[in-house]
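Down below is the structure, laid out as structure tokens.
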Amino acid sequence: MAAETLSRAFELAGREIDALDASVAHAGLPLDEAIARAIAIAKRLMAAYIAAAGKKMPHEDDDVLDVFRVLVKGDPSWHTLRDNLRELVYYRNCIALGRSDALPPLPDTMTVRTVRHLYLLIKTRCLREGRVPG
Numbered sequence: 021m022a023a024e025t026l027s028r029a030f031e032l033a034g035r036e037i038d039a040l041d042a043s044v045a046h047a048g049l050p051l052d053e054a055i056a057r058a059i060a061i062a063k064r065l066m067a068a069y070i071a072a073a074g075k076k077m078p079h080e081d082d083d084v085l086d087v088f089r090v091l092v093k094g095d096p097s098w099h100t101l102r103d104n105l106r107e108l109v110y111y112r113n114c115i116a117l118g119r120s121d122a123l124p125p126l127p128d129t130m131t132v133r134t135v136r137h138l139y140l141l142i143k144t145r146c147l148r149e150g151r152v153p154g
């Protein structure tokens, strides 16, 4: 049951990332919306892993970094996600503070690449652990 739920989470996240990529590339999705969607995808993937691992679930309204803290507690090998998550949060904070000048070139493209990287890191971990079928 947990493997099926986790597999569905990856399937949904993969479609969402593809849609985000298409929206950024073709429809000119506003950057703040792209960042919010990317953070939501990352948060749901981490929460799906936490549930599959039987850990104490974070609250639904927790920030993405709070969900990360739950994920990494007792397992420092998850720290490989930290810099990617912080990058997305940095983008979100720059937009919130009206400091788009502090963003890297092509922040919308980087947002998609970063969330795709997070997806691949988490999925690879799940494949290695046998939590999802290969």
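Each number in the working numbering corresponds to the 1-based position in the sequence shown with 20 added.
Just so it is clear, CB atoms sit at the ideal spot from N, CA and C, and this is done for glycine as well.
Exercise for review: Check V3 in the structure and name its three-state DSSP category.
Suggested key: As shown, the chain starts at 21 and ends at 154. That puts residue 3 outside it, with no answer to give.
Check your understanding: D82 to D52, Cα distance in whole Å?
Key -> Taking the Cα positions, D82 is about 19 Å away from D52.
Check your understanding: Going by the beta-carbon positions, is the gap between I70 and V84 smaller than 9 Å?
Key -> It is not a contact, given that the beta carbons lie outside the stated cut-off.
Check your understanding: Measuring CA to CA, which of A23, N113 and E31 is closest to L140?
Key -> In this structure, E31 is the residue among A23, N113 and E31 with its C-alpha nearest to the C-alpha of L140.
Review point. With burial defined as no fewer than 16 other Cβ atoms inside 10 Å of the residue's Cβ, what is the status of A42: buried or exposed?
Key: A42 should be labelled exposed.
Review point. What separation, rounded to the nearest whole angstrom, lies between the Cα atoms of L65 and A33?
Key: Their backbone Cα atoms lie some 7 Å apart in a straight line.
Check your understanding: Which stretch, first to last residue, makes up the alpha helix (DSSP H) that contains L32?
Key -> Bounds of the alpha helix (DSSP H) holding L32 are A22 to A42.
Review point. Looking at the unbroken alpha helix (DSSP H) that takes in L123, where does it start and where does it end?
Key: Looking at the DSSP string, L123 is not in any alpha helix (DSSP H), and its letter there is neither H nor E.
Check your understanding: Is the distance from the Cβ of L26 to the Cβ of C146 below 9 Å?
Key -> Their beta carbons are under 9 Å apart, which means L26 touches C146 by this criterion.
Check your understanding: Between the Cα of A72 and the Cα atoms of G48, P96, L138 and R28, which residue gives the shortest distance?
Key -> It is R28.
Exercise for review: Identify whether D103 lies in helix, strand or coil by the three-state DSSP scheme.
Suggested key: Look at D103 here: in three-state DSSP terms it is helix.
Review point. Whose C-beta lies closer than 6 Å to the C-beta of A58 among residues of the same chain, with five residues either side of it excluded?
Key: Only residues of its own chain outside the window of five on either side were considered, and among them L108, T131 and V135 have a CB closer than 6 Å to the CB of A58, listed in chain order.
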